[in-house]
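Residue numbering for the sequence shown follows our numbering, starting at 15 and increasing by one per position. Using N, Cα and C, we set each Cβ at its ideal position, and we do this for glycine too. What follows is a short report on a single structure.
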Amino acid sequence: MVLAVIQSSTPHALSEVLLKQDTHGRTALHYCLARLPLDVIDALFEKVEKHVFDRALVRPDINNQIPLHVAILKQSPDLLKAVIKKASSRAFKSALVKKDRSGFSPLYYAITQSSQDIALAVINSATPHSLNKTLSLQDAYGQTALHDVIARQPINIIRILINKMGKSNVIDQALAKQDRQGQTLVHLAILSSPEMLSAIIRKSDEPELFIALVKKNQYGHTPLYYAAKKGSDHLMQQLRGLLKRQAINSLIQAAEQAVLQNSSFIQAGFVNGFFSMDQKINSFFANALLETLHDSSKSEIQKIEQVEITMNQSDIGPVSLATLIKKKFGFNEGDSNESFINYLKDIMNAEEMASVVQVNIVEPSKSNVMLVAKAA
């Protein structure tokens, strides 16, 4: 019956009906998208002029929901395709970012709560600016829309989304933010799949990623813990390289700050300050430092030498970084690196791989505060 009415009506008459709102602010387009079968909706779209449809698509009800909210929440890829085909590109892009009373747009619902087909259709239609703005939305618990996307969408959608975002700092800003369970974006990524974390790593700023990698959730586990348990060899190689680079940078900052502030940069202070870890020291981080000493590239060796030169200019005297690390574990300067590495491998507990001591590594590195201030 509805189909017959549509077919017998003029475009002008349908336009008037489509734009008219009831006491709840809802238009006929709201109700059509929510209730009618696709063949009837197709017939309606054929009759209605595009400029009228564009106006109706962004008309809000009393809850600020527009018809596009309705179309996406219905979870019908075919319905969404029909809407995209009917609307002008400009009108659809505008409708995607209209927020309802809860503060959420059709774009938000599409990428966080919808199927792959719907998410993909909307991502392809959205602008990079609107995607970045939507993904940075944060709820009362500190969780961003990006957290939801990483937790719910598969890797193929995430790769397309990241590529569409273009040059953006949205991921960096969200990396270390924790939800109610203490989960960061990096927790969610590795719990989804090693490939998901690899995709995040490629898009992230290393210092920010380093901070996120050692954030603990409510269970006391960091992303590194989960990476060690379920990560691929390729992922572990990526993380080891990242930790090596950030460890060197942290050491350089610590040594330079000590010299600049004319601090008492004595050997005991340095060892107890930077390496104040017990024998359950994070094996991933420890091995990263050891590999830096044992098997480094030319550029990494130059950075190590820079640390040692800086230390030699201070009260610590001529001593190598390798010697300092060895002394922490009771080894003598003359003991070979190989024997020391084997010793460390014996005492490392693989299940403790994510327990990097944040107070001695992350916060000082982030704020450029001297790691050995207590030794002054």
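DSSP-derived helix/strand/coil call for residue i
i, result
"T198", "coil"
"T148", "helix"
"T12", "In the structure as shown, the chain begins at 15 and stops at 390. Residue 12 is therefore absent and cannot be evaluated."
"T41", "strand"
"L385", "Confidence at L385 is low in this model, with a pLDDT of 31, below 50, so its placement is unreliable and the value that follows should be read with caution. Here L385 sits in coil by DSSP."
"Q35", "strand"
"L47", "helix"
"G180", "coil"
"A188", "helix"
"E322", "Low local confidence applies: a pLDDT of 49 at E322 is under 50, so the model's placement there is unreliable, with the coordinate-based value given in what follows. Helix at E322."
"I204", "helix"
"R254", "helix"
"S116", "coil"
"E377", "Because E377 carries a pLDDT of 38, less than 50, the predicted location of this residue cannot be relied on, and no value is offered for it."
"R73", "coil"
"K243", "helix"
"Q260", "helix"
"P168", "coil"
"T126", "helix"
"I80", "coil"
"K88", "coil"
"H248", "helix"
"S23", "coil"
"A140", "coil"
"A226", "helix"
Reference residue i; option with closest CA among the options
i, options, result
"F67", "D75, I76, L33 and G39", "L33"
"S128", "P91, V97, V111 and L151", "P91"
"A52", "Q252, V16 and F106", "The sequence as given places Leu at residue 52; Ala does not occur at that position. Considering only alpha carbons, the answer is V16."
"S23", "C46, L58, M250 and L50", "L58"
"P208", "D247, H235 and A226", "D247"
"I171", "P142, I86 and I132", "I132"
"L151", "N183, G180, F118 and I137", "F118"
"E63", "E30, T41, K107 and V228", "E30"
"S103", "S139, Q130 and I80", "S139"
"A48", "L28, H26 and A85", "A85"
"L110", "V228, L145 and Y239", "L145"
"Y123", "S108, F106 and L82", "L82"
"G234", "Q195, F224 and R40", "Q195"
"D193", "D153, K217 and D219", "D153"
"N183", "P168, I169 and L149", "L149"
"K107", "Q79, K217 and P142", "P142"
"C46", "K88, L223 and A105", "K88"
"A135", "G180, E220, L238 and K99", "K99"
"N391", "H26, A159, Q260 and G39", "With the chain covering 15 to 390 only, the question about residue 391 has no answer from this structure."
"S218", "P120, G180, Y240 and A242", "G180"
Residue-chain proximity (residue i, chain D), Cβ-Cβ < 9 Å
i, result
"L17", "Absent from the structure is chain D; it holds one protein chain and no more."
Anticipated Cβ contact below 8 Å, residue i with residue j, distance rounded
i, j, result
"N231", "Q187", "Contact doesn't hold; Cβ gap of about 19 Å is too wide."
"K191", "G156", "5 Å"
"I55", "A96", "6 Å"
"R73", "Q130", "About 29 Å separates the two Cβ atoms, so there is no contact after all."
"L71", "A42", "Wrong, their Cβ atoms sit about 12 Å apart, outside the cutoff."
"L189", "A226", "4 Å"
Cβ-heavy atom distance, residue i to the ligand SAH, below 8 Å
i, result
"L211", "Absence of the ligand SAH is noted for the structure shown, with no ligands found whatsoever."
Would you say the stretch 198-217 touches the stretch 153-170, given that touching needs at least three Cβ pairs under 8 Å? Yes, the stretch 198-217 touches the stretch 153-170.
Does the stretch 171-189 come within contact of the stretch 207-217, defined as at least 3 CB pairs closer than 8 Å? The stretch 171-189, when compared against the stretch 207-217, does touch it at the 8 Å Cβ threshold.
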